[in-house]
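Written below as structure tokens is the structure these notes are about.
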Amino acid sequence: MLTMALAGRYVTKWAGHSAAVTEISSRFTKPVVVPAGVDVEITISAVIEEVSARQVKLDITAECAGVKVLGMAKATVSLL
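Quick note on numbering: the numbering used here labels position 3 of the sequence shown as 575, and the sequence is numbered without any gaps.
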């Protein structure tokens, strides 16, 4: 669940103050194991899939150690 929250934060920061994340969804494909006292790096990126007058739809990718950890991750950002 933290992985999806980090993806949501990534999209929110990208959208900025003049937009709102109105929808976000994903499936968890692999667990991200975080051992005590160890840092784990998750790489999150997004590609714009569709742009309309009031919305932007994104396809999100999240990887840990080169392994995809979120599947079918998507977000919709509404322009204010």
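Glycine included, each C-beta is placed from N, C-alpha and C at the ideal position. Predicted model only: the values in this text are computed from it and were never measured.
Query raised in the report: Which residues in the same chain have their Cβ closer than 8 Å to the Cβ of Met644, if we skip the five residues on either side of it in sequence?
Result: Counting from one through the sequence shown, the residue named residue 644 turns up at place 72. If we look at Met644 and ignore the five residues flanking it on each side, its Cβ neighbours are Ser597, Ser598, Arg599.
Requested in this report: Could you have a look at Gly580 and say whether DSSP puts it in helix, strand or coil?
Outcome: Walking along the sequence shown from the start, residue 580 turns up at place 8. Judged by DSSP in its simplified three-state form, Gly580 adopts helix.
Query raised in the report: Are the beta-carbon atoms belonging to Val619 and Asp631 less than 8 Å from one another?
Result: Sequence index remark: in the sequence shown, residue 619 carries index 47 (1-based). Sequence index remark: in the sequence shown, residue 631 carries index 59 (1-based). Against a cut-off of 8 Å, the Cβ pair of Asp631 and Val619 comes out as a contact.
Query - Cβ-Cβ distance between Leu642 and Thr575 below 8 Å - result: Counted from its first residue, the sequence shown places residue 642 at position 70. Counted from its first residue, the sequence shown places residue 575 at position 3. Their beta carbons are under 8 Å apart, which means Leu642 touches Thr575 by this criterion.
**Report entry** Same chain only: Cβ atoms within 6 Å of Val649, ignoring 5 sequence neighbours per side
**Finding:** Counted from its first residue, the sequence shown places residue 649 at position 77. Spatial neighbours of Val649 in its own chain (CB-CB distance under 6 Å, excluding positions within 5 residues in sequence) are listed in chain order as Ala587, Ala591, Val593, Val628.
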